[in-house]
Every structure is written in C-alpha cells, then in structure tokens.
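In order, the protein sequences belong to chains A and B. Okay, so the first sequence: first residue is 53 according to the numbering used here, each after it adds one. Okay, so the second sequence: first residue is -13 according to the numbering used here, each after it adds one. Below: one structure, written as structure tokens.
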Amino acid sequence: MTAVHIEELTKAFGAKKALDGISLTVEEGEIFGFVGHNGAGKSTFIHTITGVLPTSSGKITVLGEENLDNVKGCMGIMPDTANLYEYMKGVQFLKFMGELKNDKRTKKDYYSLMEAVGLGVEGDKKIKDYSFGMRKKISIAQALLGNPELIILDEPTSGLDPESSIKIRQLVKQLQQEGKTVFLTSHNLDEIEKISDRVGILKEGRMEKLGTPEELKNVEQEKLTVVIRTEPVLEKEDVLQMEADAVFLQKEGPNTWLEVETETLIPAISKAIIDSGKQLYEITPKKESLEDIFMNT
Amino acid sequence: MIALAKREFFDSFKSIKSLLIILFTTVVSWQTAQYLSSNPLLIQEAAVQGKESEFVTAVTAFMVIALGFLFVFSVSHDIINKEIESKTIRLLVTKKPRSHIMLGKFLGTLLFWVAIFTISYLVTAIIAQVWVTIEYLKMVSFLTYIVGMVFLVSTLVERTKLTMFIGVFAGVLLPILGIASVMVDKWWMTVIEYLLPYTYTEKGFLMIIPFLMGLSFFFVATKIMNRKDL
C-alpha cells in the first residue's frame, strides 16, 4: 500500500514558489530521506503534507486519504521549527500530546518512551530548562505517540551528539521493522544514505533527483573517477600520451585524478603508467557518495 | 478537542491576572451579599417593585456588562495568536483538525469565564437566598459574545502585544459605547446598539442574540484559521 502519494504539489508565498510541481510516492514500510540545501523547500514540503500550510495546488494522499484531517491520528510528526510548551514538564508535555492522539499509555510508559529517545529520568524537568538536544529528543518522542503508521521527522538528528544520533537512527530502523513508514529530512547526507531506502533531492522547490542511494550513485557514475599516486607525479601530458581511454581531471600533491569510462580500464592505465617509467604507488577508483551527488545537484 | 478544552480551562486559572479577577469578583459579590443579607429591607423594597431578582444579581450583571470585555481581553486576548507566535500551534495542527483545535479552545475559554462569574453569582445567590435562572442565562449569553469577539481578534491579529493593546482599548471603549448607544437616539448609535450585546439583555427572548453573535464570531475565526499559513 502507498503511504504518501503526491501529485504536482505547489506551494507559493505571494509570487515566490517554495514548492514547484513535486510528485512523489512513498510506499508503506519505507524509509524515505529528503535532502536539500537550506531554503530548498524541505520544511515547506513537510508542512504542506502535514496540514501546517495549506497547498496552493496539487493533490496529497496520505494513507489512502485525501482529507488529511481524517488521518492525523495515524501520523506522527516532528516539525523542525515547532516550539514546545516551555512551562510543562517532560512527562506532562507528552501526556498532553498523547491526549490529543488518544494515546492511553500510563505514566510509566511515558518514561519508557523518554528512555527510548535517550532522554531518561533527566527529561522530567520543565522544558524551559531543556538543552537543545533534549528538546529534539522530546519532539521525536511526541511524534511516536498514538502508535502512528506514518512518522515524519524534520531534521531529527541536527544538533544532537553522535551517540544520540546513532540512537535515533537505530530507533528509525526499529520503527521500520515494526512496519511503519518513516519520512525524514536531514542535512547529514551520510546518515540519509545509511538509513534511507530511497532518497529525494530537492532544489529550489523542485525534485531534482529521486531513487535509492545506489540508483542515484549509478546514475551519477556513468563515468568513473580514479585517483592515482605516482612518483614522479602524473602530468596532463603523460595522460594524453597514454593509449588508455582516460581524461585528466586535476592534480594535487602526489595525486592525479582521471576520468575513465569503466573500472575495467584500470589495468590498462596501470600498465601504461608503469611502461612510461613512473613508480605507481596507488590507483583507486573513487566511489561517489551521496554528498558528491548532492553537491553536484 | 476535550483535551484542549480541559487544558485551556485549567491553564486559564494559572495566571496572576485571572487569580486577581477571581478574587475581585468573589470579594465584590461576597461583600454585596453580606450587605444585602444584613439589610433585608432593601430586598423587600425591591420585591414590592417586582425587581427582587434583578436587585440581587445586579452586582454580577454589572461586573459582566461593565468589566467583562476588559477582564476577558486581559486574560484571553492571546488565546490563538500566542500559539501561532510561539509556533506551538504546529504541534496541535499535526494532531487534530484545525476546527477541533478552535472548538476545544473556545469551549475551554468560555467555560472558564462562565465558571468565574458563576462563582460570583452563586456567592450572591446563596447568601441572599435568591436564584434567578433568566439573569444567569443573560450573563452566559453576554459572555459568549465577549469570548467570541476575543477569539476573532486573537485569530485575526497575529501579534500578542497588539491584541493586548486592542483588548485594553476595547475593554474600556465598548462598554461606554454600548451603554451610550442604548441611551442616545442617533442613527449611527442605533447601528452600534444592534452590533453590541447591551441592548438585547433587556429584550426578553432576544437575549439569545448575543449568544448567537458570539458563536458567529467563533465560526468566522475558524474559517480564517482554516486558511492560515502556520
């Protein structure tokens, strides 16, 4: 079943289009990662699909319903920019949020939930005394109330220490194992690549790329970059003289970057370097990361 | 919706302003009732004129009519825009439909104000041994109008400081305008007379009109809220 289906979603603020014709389908049980530069429209996208912002045009279907009001109880949302009720204590806040979701758990269960997101007993003080990381954690906790089928997390790990980030990533994976759909945005591309089944790259309100991390990398890697360390260093002229199908990209210190059609050409390049009398120390195909793809988008 | 109404109701009691208002209304009612019970002749004289009930409930009615706008605006002016300003509204709208949020808050706020003036009304009624349902319903109708208007202002104006200013201004101006409009015979005053709730309180069954107007303000506020970017 489809968890989220979006057709030609547009959101304009005056003349400026923050989202411009986005179409997307997220399947049930999937972890979908959304990345984009600041101002690319990630948060606007989340706000429109969660009912915080009315859409300008387009169609949104969540868990089979076009009227979002009918499925709010099945969605758990952590908005990035929402403030919390400062005067409440951690458990009091979760209890209030839980009541809105008809969540019937006991006080002990709320403590377990705080523990699960890494808050622990320390979380039961007034929210105004929380650190930034603790606020993030309790925001995530409130998104998990009411046993939602679809969980939407806007920048869940930004500002968290590495240990807490790992805990949240494990939690996201665990939620997927429980059959839940997770939709998350992040600036941490390494994190998105590690945990997401599919990734969407948003640029200036448009969906620039969409696919699994591997698909995205394969599309980008029609040509392969190879890093070569030789003594003396390999110059542009040396590459031109080689009878291998390689293009000089750049040189830095003892390393030279070449672009080749396929990985199968590497032995031929190695042989050509050795035949030219240079000492070959290293030849490594450079795998592109999601970060490289993102930076080139 | 019930959770929101409950929170709104109980949280309203927690501010210094509301505690002072509760203290003020209760003490005034108490003192008046004490005075009336120690001067039974006053009630008897009013009874001769057939105005016993109005006489006994006059203090609470005066507090609602003259100070109601000021009291409600001063405590509840930021009922909606506080949530928008602090962005806590985003936590709410991702969990409940906007209309439920509005209804929950409206009911919680209305109940709070009705409760405060009911206490005042009860104090007088118990000590003076008089209970007048019709006067009580008039008070509820009047309060619904005020709470509805405060709701609309809080939804229309997004800055809490501005609604505080508007509230103090309206709290002083509207009772003066309302009472003057009932007394002055000018066409433009007649328009004001029918827009404000004062005239209806003395017109029998028409006392329901402020109640309906208050509900209309609430519905307009909800319509506006449904279209808002939060």
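Glycine included, every Cβ here is placed at the ideal spot set by N, Cα and C.
The beta carbon of P337 of chain A lies closer than 6 Å to those of L276, V278 and E315 in the same chain, with the five residues before and after it left out. For the C-beta of L89 of chain B, not a single chain A residue is nearer than 7 Å; the gap to the nearest is close to 13 Å. Apart from the 5 residues on each side of it in sequence, V168 of chain B sits with its Cβ closer than 7 Å to the Cβ of E179, Y184 and T185 in its chain, given in chain order. DSSP places Q302 of chain A inside the beta strand (DSSP E), whose first and last residues are A298 to E304.
Measuring C-alpha to C-alpha distances from D132 of chain A to each of A:S322, A:Q302 and A:G93 identifies A:G93 as the nearest. Listed by position along chain B, the residues whose Cβ is nearer than 9 Å to that of E151 of chain A are I(-12), A(-11), L(-10), K(-8) and R(-7). Comparing C-alpha distances from L254 of chain A to each of A:L61, A:P106, A:T233 and A:A55 shows the shortest one belongs to A:L61. Taking 9 Å as the Cβ-Cβ cut-off, the region 73 to 103 of chain A approaches chain B at H99, T102 and G103, given in chain order. With a threshold of 7 Å between beta carbons, P208 of chain A makes no contact with chain B. Taking each of A:S328, A:S322, A:G329 and A:I326 in turn and checking the Cα distance to I335 of chain A, the smallest one comes out for A:S322.
Against R213 of chain B, the close residues of chain A are P106, in the order they occur along the chain (beta-carbon pairs closer than 9 Å). Listed along chain A, the residues sitting closer than 9 Å to R76 of chain B by beta-carbon distance are H99, T102, V104, I129, P131, T133, A134 and N135. By the 16-neighbour rule on beta-carbons within 10 angstroms, V170 of chain B is exposed. D121 of chain A belongs to the set of residues whose beta carbon lies under 7 Å from a beta carbon in chain B. Taking 7 Å as the CB threshold, S1 of chain B stays off the interface with chain A. Using a CB distance cut-off of 7 Å, K246 of chain A does not count as an interface residue toward chain B.
Residue pairing for K338 of chain A: DSSP places it in a beta bridge opposite A:T277. Around the beta carbon of R145 of chain B, a 10 Å sphere encloses fewer than 16 other beta carbons of the protein chains shown; the residue is thus reported as exposed.
Under the 7 Å criterion on CB atoms, L216 of chain B is classed as interfacial with respect to chain A. The C-beta separation of R213 of chain B from P106 of chain A comes to about 6 Å, placing the pair in contact by the 8 Å criterion.
If the five residues before and after S108 of chain A are omitted, its C-beta is found closer than 7 Å to the C-beta atoms of T62, K63 and A64, all from its own chain and listed in chain order. For the C-beta of F148 of chain A, the chain B residues within less than 8 Å are, from N- to C-terminus, A(-11) and R(-7). In the displayed model, T158 of chain A falls within coil according to three-state DSSP, outside both helix and strand. A Cβ-Cβ separation of about 5 Å places M130 of chain A in contact with L205 of chain A under the 8 Å criterion. Bounds of any beta strand (DSSP E) do not take in A67 of chain A, whose DSSP letter is neither H nor E. The bridge partners DSSP lists for I74 of chain A are A:L61. Contact annotation: A114 of chain B and L22 of chain B have beta-carbon atoms nearer than 7 Å. Straight through space, the alpha carbons of K82 of chain B and L236 of chain A are spaced by roughly 21 Å.
Q222 of chain A and S164 of chain A have their C-alpha atoms spaced approximately 16 Å apart. By the Cβ neighbour-count rule, P284 of chain A is exposed, with fewer than 16 other Cβ atoms within 10 Å of its own. Sequence-ordered contacts of the region 165 to 192 of chain B with chain A are nonexistent [C-beta pairs closer than 9 Å]. Contact check for V50 of chain B against F103 of chain B passes: the beta carbons are separated by less than 7 Å.
For Q194 of chain A, the C-beta contacts it makes with chain B under 8 Å involve L77, in order along the chain. Distance from G263 of chain A to R250 of chain A at the Cβ level is roughly 6 Å; contact confirmed, criterion being Cβ atoms closer than 8 Å.
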